[in-house]
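Input: a single structure, listed below in structure tokens.
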């Protein structure tokens with residue numbers, strides 16, 4: 003979702019992806035990947051391919067301490083230089099019970115939507131006083147609501163350290179379907195969250211949908227099915243969607259507008275006579 007933000011004057015074109023963040027961290031830890039001999043570069047490239055973002059973040063913390071890792075994230079994801087786009091407004095205009103986000107940036111809460119205001123929850127102590135619909139920041143929030151959940155230990159200890167957040171998500175999954183937007187099937191956030199959902203609830207949860215340009219194979223679909231996830235792969239309809247270069251944004255907009263069109267009638271809205 004953050005890739006769909008609008009940069010302010012003088013800002014970089016877009017915020018970084020997981021891969022770009024991981025690469026930047028890795029190059030700081032192992033500068034020889036760009037400055038070393040050919041053999042050193044080749045060995046480090048192989049190490050990078052074998053690693054995942056959570057492992058690289060863990061190595062970064064070990065090399066430079068936690069404060070430097072937090073500063074790296076703040077500098078690499080300059081959300082104050084961006085503003086929400088129409089995609090953010092469209093997404094939040096849907097009648098969600100709650101919105102859970104693993105993003106550190108503040109683009110969702112900065113989205114101006116007077117007709118449907120959301121209360122923002124940045125820490126577990128705010129859960130008791132915030133009313134739905136809420137935007138719940140599960141992995142921390144810029145600029146200073148730490149820790150920013152990103153290392154292997156962060157994920158390992160999350161169910162214990164942030165039990166109220168975990169319980170809130172699990173309760174929601176008992177009562178409501180979960181729609182995952184902005185993830186890929188191998189996104190580390192996605193894999194970790196789906197993993198502990200299976201550990202905690204087994205098969206006893208509401209439907210979980212994964213939406214996006216997924217380009218899934220039959221094996222991908224089978225694996226998602228084993229994880230209790232129903233994919234909504236928008237790739238087949240992408241060819242018919244006009245885009246200005248950002249096909250992901252155009253396809254996501256098409257999906258959200260389709261949901262708006264199919265919104266069922268609400269009992270509090272009296273029909274016109």
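Residue numbers (our numbering): 3 to 275.
Glycine included, each C-beta is placed from N, C-alpha and C at the ideal position.
Straight-line gap, residue i to residue j (C-alpha atoms, nearest Å)
i, j, result
"residue 79", "residue 209", "32 Å"
"residue 154", "residue 60", "6 Å"
"residue 175", "residue 28", "36 Å"
"residue 170", "residue 161", "11 Å"
"residue 71", "residue 49", "20 Å"
"residue 39", "residue 141", "38 Å"
"residue 164", "residue 145", "19 Å"
Assigned exposure category for residue i - 16 Cβ within 10 Å defines buried
i, result
"residue 108", "buried"
"residue 143", "buried"
"residue 63", "buried"
"residue 4", "buried"
"residue 34", "exposed"
"residue 197", "exposed"
Under 7 Å between C-beta atoms of residue i and residue j
i, j, result
"residue 213", "residue 234", "yes"
"residue 106", "residue 150", "yes"
"residue 111", "residue 137", "yes"
"residue 94", "residue 258", "no"
"residue 252", "residue 243", "yes"
"residue 125", "residue 7", "no"
"residue 181", "residue 211", "yes"
Range of the contiguous beta strand (DSSP E) that encloses residue i
i, result
"residue 214", "210-214"
"residue 136", "136-139"
"residue 233", "231-235"
Alpha helix (DSSP H) segment containing residue i, residue limits
i, result
"residue 126", "From DSSP, residue 126 is part of no alpha helix (DSSP H); its letter is neither H nor E."
"residue 155", "154-163"
"residue 46", "40-52"
"residue 28", "20-31"
"residue 257", "249-263"
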